[in-house]
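**Q** Residues 4 to 338, numbered by the working numbering, are exactly what the sequence shown covers, in order.
For each residue, glycine too, the CB sits at the ideal point set by N, CA and C.
A quick note: this is a predicted structure, and the numbers were derived from the prediction, not measured.
Dropping a structure here in structure tokens format, bear with me for questions.
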Amino acid sequence: MTSTEKFITSIPKAELHVHIEGTLEPELLFKLAERNQIMLKYQSVEELRKAYNFHNLQSFLDIYYEGAGVLQTEADFYDLTWAYLEKARSQNVLHTEIFFDPQSHTSRGINFGTVVNGIKKALDEGRQKLDISSNLILCFLRHLSEEEAFKTLKQTIPYKDSIIGVGLDSSEKGHPPSKFKNVFEEAKKEGFLTVAHAGEEGPAEYVWEVLNLLDVSRIDHGNNSLTDEKLVTELVTRKIPLTVCPLSNLKLKVVTQMKDHPIKKMLEKGLIATVNSDDPAYFGGYVNENFLAVAQSLQLTKKDIYQLAKNSFDASFISSAEKQNFLYKLRKFEA
Ligand code: ADE
Ligand code: ZN
């Protein structure tokens with residue numbers, strides 16, 4: 004292991020952009036299909052993995068929603084979340100903010116409570132047994148209507164104490180953030196924090212919209228912000244963090260090669276960029292593999308890596324007391 008690899012592996016970090024359904028490894032997918040007596044169109048784990056060959060966001064989402072179909076019971080959501088927490092903690096992730104897509108489950112007849120209770124049970128146990136802290140963020144699917152999002156928000160109310168915020172994900176092109184202005188306003192009134200995917204495949208204009216119409220605290224991806232200097236200045240001035248996902252960007256052809264990845268440029272421009280895995284079971288790596296990929300391709304220094312790790316705690320939704328505790332642990336890694 005090189006000294007950079009050792010540094011990446013051991014530095015404490017937070018993960019702020021991971022879809023729990025995207026952590027479903029093929030092995031667990033097959034196990035759950037068998038447990039729930041679901042016929043898969045793939046004969047083996049190897050055959051399924053071969054299908055993970057994406058040419059854009061939509062080609063990934065089609066397979067991702069299909070995979071999520073094996074999740075049926077509270078125990079399934081628990082097992083899924085527990086497996087992710089163990090993996091994340093083994094990579095020195097001390098805090099994680101997890102997305103889930105309730106509409107991809109309720110649309111199949113699964114109760115909202117089944118999903119949240121299963122995830123929450125694992126998060127509570129993770130806090131006690133793994134010493135990993137966590138927050139849960141619900142995402143509205145943007146290819147569906149705002150009315151559907153309102154229905155989902157209503158289902159969330161009894162679980163308010165377990166969910167810190169709402170986000171926006173799924174097919175970006177053709178589904179501008181403005182479509183969800185009212186439901187985000189209502190979510191804010193209910194006390195939820197807000198984030199949104201923007202500028203992954205969509206234009207800088209969508210990033211402006213999530214800032215100005217959805218009033219988000221963070222932007223998920225945000226790559227295309229760099230095409231608009233005024234927007235970059237706005238993000239820097241308002242200290243709006245970006246949750247960047249390098250391996251996802253490569254697999255979904257948001258960048259053609261890792262050498263072209265904008266994360267170093269983001270740091271140079273003073274943006275609060277963070278490194279995240281998005282859908283690690285589909286994109287070939289958890290958070291440390293994402294750090295390693297950009298460190299190698301962009302010759303990141305230890306100072307850059309330290310900055311990215313520090314940004315991850317600064318950009319998180321933890322209390323300032325908890326933040327101080329994590330930053331204290333980070334201090335001995337300061338380059
Ligand atoms: N849902 C899961 N992963 C996603 C991504 N990268 N972009 C939009 N929606 C998603
Ligand atoms: Zn995402």
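Span of the alpha helix (DSSP H) holding A152?
**A** Along the sequence shown, one-based indexing puts residue 152 at 149. Counting along the chain, the alpha helix (DSSP H) containing A152 begins and ends at 149 to 159.
**Q** Alpha carbon to alpha carbon, how far is D263 from S251? Give it in angstroms, no decimals.
**A** On the sequence shown, residue 251 is found 248 positions in, with the first residue counted as 1. On the sequence shown, residue 263 is found 260 positions in, with the first residue counted as 1. If I take the Cα positions, the gap works out to 14 Å.
**Q** Mind checking whether N279 and V297 have CB atoms under 9 Å apart?
**A** Numbered from 1 along the sequence shown, position 276 holds the residue referred to as residue 279. Numbered from 1 along the sequence shown, position 294 holds the residue referred to as residue 297. Contact flag unset, no.
**Q** Pull up the distance between the alpha-carbon of K242 and that of D172, whole angstroms please.
**A** Locating residue 242 in the sequence shown gives position 239, where the first residue counts as 1. Locating residue 172 in the sequence shown gives position 169, where the first residue counts as 1. Answer to the nearest angstrom: the Cα atoms are 22 Å apart.
**Q** For a minimum of 4 consecutive residues, which ranges assigned as the alpha helix (DSSP H) are wholly contained in the region 69 to 128?
**A** The region 69 to 128 contains these whole alpha helix (DSSP H) runs: 77 to 93, 106 to 109, 115 to 128.
**Q** Would you grab the beta carbon distance between E175 and H200 for me? Rounded to a whole angstrom, and I think it's under 8 Å.
**A** Here residue 175 corresponds to residue number 172 of the sequence shown, with the count starting at 1. Here residue 200 corresponds to residue number 197 of the sequence shown, with the count starting at 1. About 6 Å separates the two Cβ atoms, so the contact holds.
**Q** For F187, tell me which candidate among D164, A207, E212 has the shortest Cα-Cα distance.
**A** Start at 1 with the first residue of the sequence shown, and residue 187 comes out as number 184. The residue with the shortest Cα to Cα distance from F187 is E212.
**Q** For the region 276 to 306, which segments carrying the beta strand (DSSP E) assignment without a break, of at least 3 residues, lie completely within its bounds, in sequence order?
**A** List check, beta strand (DSSP E) in window: 276 to 278.
**Q** Touch check for the region 146 to 164 and the region 113 to 126: three-plus C-beta pairs under 8 Å?
**A** They touch, by the three-pair rule.
**Q** DSSP on V257, reduced to helix/strand/coil?
**A** Along the sequence shown, read from residue 1 onward, the residue named residue 257 stands at position 254. Looking at V257 - three-state DSSP - the assignment turns out to be coil, as it is neither helix nor strand.
**Q** Can you name, in chain order, every residue of its own chain whose Cβ lies under 7 Å from the Cβ of L270, other than the five neighbours on each side?
**A** Your numbering for residue 270 matches position 267 in the sequence shown. Cβ neighbours of L270 beyond the five flanking positions: A276, D307, Q310.
**Q** For the putative contact between L83 and L27, defined by C-beta atoms under 8 Å, what is the C-beta separation to the nearest angstrom?
**A** The sequence position of residue 83 within the sequence shown is 80, counting from 1. The sequence position of residue 27 within the sequence shown is 24, counting from 1. The Cβ separation is near 6 Å, so the contact holds.
**Q** Using only the heavy atoms of the ligand ZN, determine whether one of them is closer than 8 Å to the beta carbon of H22.
**A** As a working note, residue 22 is residue 19 in the sequence shown. Correct: H22 has its Cβ closer than 8 Å to the ligand ZN.
**Q** Can you check which of these residues, P283, S315, F320, is closest to P29 by C-alpha distance?
**A** Indexing the sequence shown from 1 puts residue 29 at position 26. Of the listed residues, the one whose Cα sits closest to P29 is P283.
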